[in-house]
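Taken in sequence, the protein lines are chains S and G.
Here the first sequence is numbered in our numbering, starting from 1 and rising by one per residue.
Here the second sequence is numbered in our numbering, starting from 1001 and rising by one per residue.
We put the beta carbon where it would ideally sit given N, CA and C, even for glycine.
What follows is a single structure, written as structure tokens, with notes after it.
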Amino acid sequence: MGKPRVAIFDFACCEGCQLQIVNLEEEILGLLQVIEPVEWREAMSDKSETCDIALIEGSITRAEDAERVKRIRARAGVVVALGACATMGGVNKLKNNFDLHDVKTCVYGEAADMPHLDTMPAMAVSEVIPVDFAVPGCPMSKTEFTCIVRCLALGKTPVIPTFPVCVECKRNENVCRYEYNEVCLGTVTRAGCGAKCPTAGGWCFGCRGLVDDPNVNAARDVMEQYGKTMADLDDRLALFNSKRE
Amino acid sequence: MGKTLNIDVHHVTRVEGHGNIRVRASDGRIEEVMWQVPEAPRFFEAMVRGRRWDDIQTIVARICGICSVTHSFAAIKAVEAALGVEVSKQTDRLRHLLHYGEQLESHVLHVGYLVAPDLLGQKSVVPLVASHPAEVKTIIRGHALGNYMMELIGGRMTHPIAARVGGFSRLPGADQLRDLKTRLEKIVPDLEAIAALVASLADRLPAFDRPTEYIALKQPGLYTFYHGDIASTDTAETVPAAQFERVVNEYVSPQSTAKWCKWHRDSYMVGALARYNLNAELLLPLAAKTAKALGLKKGCCNPYMNSVAQVVESVQVVEHSLQLIDELLTKGIEPEFPRVTPREGEGAGAVEAPRGVLFHRYAFDREGRCVKANCCIPTNQNHANIQKDFEALVPRVIDRGQDEVRQLMEMLVRAYDPCISCSTHYLNVEFV
């Protein structure tokens, strides 16, 4: 079997997930032995008509981008969404909490109604086209990314954790962030990041999205025990897990 | 013949974000030269309204992956100014180290991965892995060390965690700093090798001068990236960062709908070359020696030399990091427990991103919820200057034919190291 031909595309985002691919450093040389990059605008001038694997970063926020991502779907074998913006909308969905005209006026003032500034509620890639696999996180974990791409190159089905960040945080022997009177989202957020934020002295802000079937009752118990409310939890959840529209 | 150009570059490659180039010329007459930015706007200034003071940096770091430390610092400094928070000398030194990690990582990435393929006649770094394996590995080591610094001090390579309003949520140990020092000392020969490679290819950088106003931060006694007032090569007057709106003067261009920036002229440039032109005499010895070896002189107004200035700055940040680590180790790392009380207020922060000076401003209500935000990013400030450079460049090279003109224009855009995803609030030019 030949090496799968891989293309990388970006939509509304900070391009930090593509940066994680560059941040593989020497490991990228190993990855190049199992895949063949055929299009990657940020790093290459080459273009390609088709690809076996399309890696897509960013949210869909304009009609023209929805059309573009549909065209990518049509010419790709497998589609993988990279990072919070592509897998669930990420910080871009903070915008969806406001009236769109208000958002445009706030930023562009009198020019807000010009056609090229048009915007629609931010959507994850999977809200526009069928997505085969997701690499969650903001930024995505480069270890998880490599694992998933290698699985695909070998014809295996990648799996990601289905337990919350608290599990990894305990494994790192961290003191619970609630003990510091902080609101941490590790109770309901999908693990796989290695609890990086609590380990660096911060709280989990939910960038990997909710774990499948989150234990909401247990999360509520923790909140009550430390005198926090569900409103506190929702307030922080808004950062990466805002509603669709 | 030979003077007809029909150039449409849709989404320039090897730059961060999306930009287009459009040129129309027939029989030697230039009809249109246009730098366009079709990036999807993301509306950060609207999105942060209502968010808590201690969530702002987490949100706005996501404006840009490759400048995430700088965006975090611009926000942290603005929030600290608004809430009246002072930080310790230790925090200040560690912030410099973290910031230098980003400068090193970004500069090496830009020069090594994005610009070098142009100078070596390739479409990307991928074929260089086979043709120049030693050079590619040297570049990777420099890039990896910048990332290592960010991981060690900030808790993560992209989107830092440990740098907070008031201080750090996690401190590095003395042994970790000593280890970092060893790594930094070992990287110096690699940076010298990168400088030698660039020097050997310098004649492939286009010779193109255009008198330009350069703007960067300036601080007495230090080639600054983090503190200082706003300075220009056109005036001796400096402006406090808190009054950055006086400098950026955002305006709508008559030729397009783009909101651009200008101060004393029609446009200005920010970035490594601007910092060099304003602060060259403050470079540390090895960086100054590197500048000399690369033929970079104060007053240079060739934008293609921005990549050369980035090589010089890579050496500068490593040299200064070594000094800072010595200072931190001499003092000893002290645990700190910063306390911040929210209050009503407004504040601004200015920091040099790898690609130029960045400004943030926020206002907060009594609970510390954001009520207003404004971010003015370096690439936004450079757009007008890219356009002015295009207008000066094309008539000079029009005889060289379509492919070469297009290549020169793409290389010019890349030289600015644009970061177009930082699309916080600039307007775009008309769409083709």
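Closer than 8 Å to chain G by CB, S/Met88: As a first step, residue 88 of chain S must be located in the first sequence, where it is residue number 88. No - not a single Cβ of chain G is within 8 Å of the one on S/Met88.
Whole beta strand (DSSP E) runs in the region 1188-1232 of chain G with 3 or more residues, listed along the chain? For the beta strand (DSSP E) assignment, the uninterrupted runs of no fewer than 3 residues enclosed by the region 1188-1232 of chain G are, from N- to C-terminal side, 1213-1218 and 1229-1232.
Mind listing the chain S neighbours of G/Glu1045? Cutoff is C-beta to C-beta under 7 Å, in chain order. Residue numbering aside, residue 1045 of chain G sits at position 45 when the second sequence is read from its first letter. Within chain S, Cys106 and Val107 have C-beta atoms less than 7 Å from the C-beta of G/Glu1045, given in sequence order.
Under 8 Å, Cβ to Cβ, is there at least one residue of chain S near G/Pro1342? As a working note, residue 1342 of chain G is residue 342 in the second sequence. G/Pro1342 does not count as touching chain S.
Can you confirm whether G/Val1126, when its beta carbon is compared against all beta carbons of chain S, has any partner nearer than 8 Å? Against the second sequence, residue 1126 of chain G aligns to sequence position 126. True, the Cβ-Cβ gap to chain S drops below 8 Å.
Using alpha carbons as the reference points, say which of G/Glu1391, G/Leu1278 and G/Thr1212 lies closest to G/Pro1220. As a first step, residue 1220 of chain G must be located in the second sequence, where it is residue number 220. Nearest C-alpha to G/Pro1220: G/Leu1278.
Out of G/Pro1160, G/Arg1369, G/Gln1176 and G/Pro1240, state which residue places its alpha-carbon closest to the alpha-carbon of S/Gly201. By one-based count along the first sequence, residue 201 of chain S stands at place 201. The shortest C-alpha separation from S/Gly201 is found at G/Pro1160.
For S/Asn181, tell me which candidate among S/Lys228, S/Val211, S/Ile160 and S/Gly209 has the shortest Cα-Cα distance. Stepping through the first sequence from its first residue, residue 181 of chain S is reached at position 181. Cα-wise, what sits closest to S/Asn181 is S/Lys228.
So G/Glu1352 packs on G/Arg1265, CB below 8 Å; how close in whole Å? As a position in the second sequence, residue 1352 of chain G is number 352, starting the count at 1. As a position in the second sequence, residue 1265 of chain G is number 265, starting the count at 1. In fact, because the Cβ distance is near 21 Å, the residues do not count as touching under 8 Å.
S/Val91 CB to nearest chain G CB: under 8 Å? For the purposes of this step, residue 91 of chain S is taken as residue 91 along the first sequence, with counting starting at 1. So yes, S/Val91 belongs to the interface.
S/Val80 beta carbon less than 8 Å from that of S/Leu55: Reading the first sequence from its first residue, position 55 is the one you call residue 55 of chain S. Reading the first sequence from its first residue, position 80 is the one you call residue 80 of chain S. Yes, these two residues count as a Cβ contact at 8 Å.
Classify G/Gly1167 as helix, strand or coil using the three-state DSSP reduction. For the purposes of this step, residue 1167 of chain G is taken as the residue at position 167 of the second sequence. Strand.
What does the alpha-carbon distance come out to for the pair G/Arg1247 and S/Cys166? Counted from its first residue, the second sequence places residue 1247 of chain G at position 247. Counted from its first residue, the first sequence places residue 166 of chain S at position 166. The amino acid occupying residue 1247 of chain G in the given sequence is Val; Arg does not appear at that position. Computed Cα separation, rounded: 47 Å.
Taking DSSP's pairing of strands, which residues face S/Ile8 in a bridge? Here residue 8 of chain S refers to the residue found at position 8 of the first sequence. For S/Ile8, which the question treats as bridged, DSSP gives the partners S/Trp40 and S/Leu55.
Who pairs with G/Glu1352 in a beta bridge, going by DSSP? To locate residue 1352 of chain G, count along the second sequence from 1; it is residue 352. Answer is G/Val1357.
Measuring alpha carbon to alpha carbon, tell me which of S/Met44, S/Ser45, S/Val38 and S/Thr61 ends up nearest S/Asp52. Numbered from 1 along the first sequence, position 52 holds the residue referred to as residue 52 of chain S. When each option's Cα is compared against that of S/Asp52, the closest is S/Val38.
On the three-state DSSP scale, how would you describe G/Gln1036? Start at 1 with the first residue of the second sequence, and residue 1036 of chain G comes out as number 36. The answer is strand: DSSP assigns G/Gln1036 an E or B state.
In whole angstroms, what separates the C-alpha of G/Ile1194 from that of G/Arg1204? For the purposes of this step, residue 1194 of chain G is identified with residue 194 of the second sequence, where counting begins at 1. For the purposes of this step, residue 1204 of chain G is identified with residue 204 of the second sequence, where counting begins at 1. Their Cα atoms are separated by approximately 16 Å.
Secondary structure at S/Lys47, three-state DSSP: helix, strand or coil? The residue given as residue 47 of chain S occupies position 47 in the first sequence. Coil.
G/Val1459 versus G/Cys1376: straight-line alpha-carbon distance, rounded: The displayed coordinates of chain G run from 1001 to 1432. Any statement about residue 1459 of chain G would go beyond what the structure contains.
From the beta carbon of S/Pro136, is the nearest beta carbon of chain G less than 8 Å away? Here residue 136 of chain S refers to the residue found at position 136 of the first sequence. Not an interface residue.
Determine, using beta carbons only, whether G/Arg1014 comes closer than 8 Å to chain S. Here residue 1014 of chain G refers to the residue found at position 14 of the second sequence. With its beta carbon less than 8 Å from one in chain S, G/Arg1014 belongs to the interface.
I need the straight-line Cα distance from S/Asp113 to S/Ser242, nearest angstrom please. On the first sequence, residue 113 of chain S is found 113 positions in, with the first residue counted as 1. On the first sequence, residue 242 of chain S is found 242 positions in, with the first residue counted as 1. Cα-Cα distance, rounded: 25 Å.
Measure the Cβ-Cβ separation of G/His1143 and G/Val1087 and say whether it is below 8 Å. Reading the second sequence from its first residue, position 143 is the one you call residue 1143 of chain G. Reading the second sequence from its first residue, position 87 is the one you call residue 1087 of chain G. Their beta carbons are not under 8 Å apart, which means G/His1143 does not touch G/Val1087 by this criterion.
Within 8 Å of any Cβ in chain G, is that where the Cβ of S/Val103 sits? For this step, residue 103 of chain S is matched to residue 103 along the first sequence. Judged by the 8 Å Cβ criterion, S/Val103 is in contact with chain G.
Go ahead and label G/Pro1285 buried or exposed: buried means 16 or more other beta carbons lie within 10 angstroms of its beta carbon, across all protein chains shown. As a position in the second sequence, residue 1285 of chain G is number 285, starting the count at 1. With fewer than 16 other Cβ atoms inside 10 Å of its own Cβ, G/Pro1285 counts as exposed.
Of all the CB atoms in chain G, is at least one closer than 8 Å to the CB of S/Phe9? For the purposes of this step, residue 9 of chain S is identified with residue 9 of the first sequence, where counting begins at 1. No - not a single Cβ of chain G is within 8 Å of the one on S/Phe9.
Any idea if S/Ser141 is buried or exposed, counting beta-carbon neighbours within 10 angstroms, 16 or more meaning buried? Translated into positions along the first sequence, residue 141 of chain S becomes position 141. Buried, because 16 or more other Cβ atoms sit within 10 Å of the Cβ of S/Ser141.
Could you check how far apart the C-beta atoms of S/Leu82 and S/Val135 are, in whole angstroms? I think they sit under 8 Å. Counted from its first residue, the first sequence places residue 82 of chain S at position 82. Counted from its first residue, the first sequence places residue 135 of chain S at position 135. That pair is a contact at about 5 Å.
Coil, strand or helix - S/Glu27 by DSSP: The sequence position of residue 27 of chain S within the first sequence is 27, counting from 1. It is helical.
Give me the Cα-Cα distance between G/Val1318 and G/Gln1122, rounded to the nearest whole angstrom. Along the second sequence, read from residue 1 onward, the residue named residue 1318 of chain G stands at position 318. Along the second sequence, read from residue 1 onward, the residue named residue 1122 of chain G stands at position 122. Approximately 29 Å between the Cα atoms of the pair.
Kindly say whether G/Phe1431, judged by its beta-carbon, lies nearer than 8 Å to any beta-carbon of chain S. Locating residue 1431 of chain G in the second sequence gives position 431, where the first residue counts as 1. In this prediction, G/Phe1431 scores a pLDDT of 25, lower than 50, which makes its location untrustworthy; no coordinate-derived value is stated.
Under 8 Å by Cβ, that's how I've got S/Pro161 and S/Thr189 pegged, so tell me the actual separation to the nearest angstrom. As a working mapping, residue 161 of chain S is identified with position 161 in the first sequence. As a working mapping, residue 189 of chain S is identified with position 189 in the first sequence. About 10 Å separates the two Cβ atoms, so there is no contact after all.
Measuring straight from C-alpha to C-alpha, what distance separates S/Ile21 and S/Thr143? Position 21 of the first sequence, counted from the start, is the residue given in the question as residue 21 of chain S. Position 143 of the first sequence, counted from the start, is the residue given in the question as residue 143 of chain S. In a straight line, the C-alpha of S/Ile21 is about 10 Å away from that of S/Thr143.
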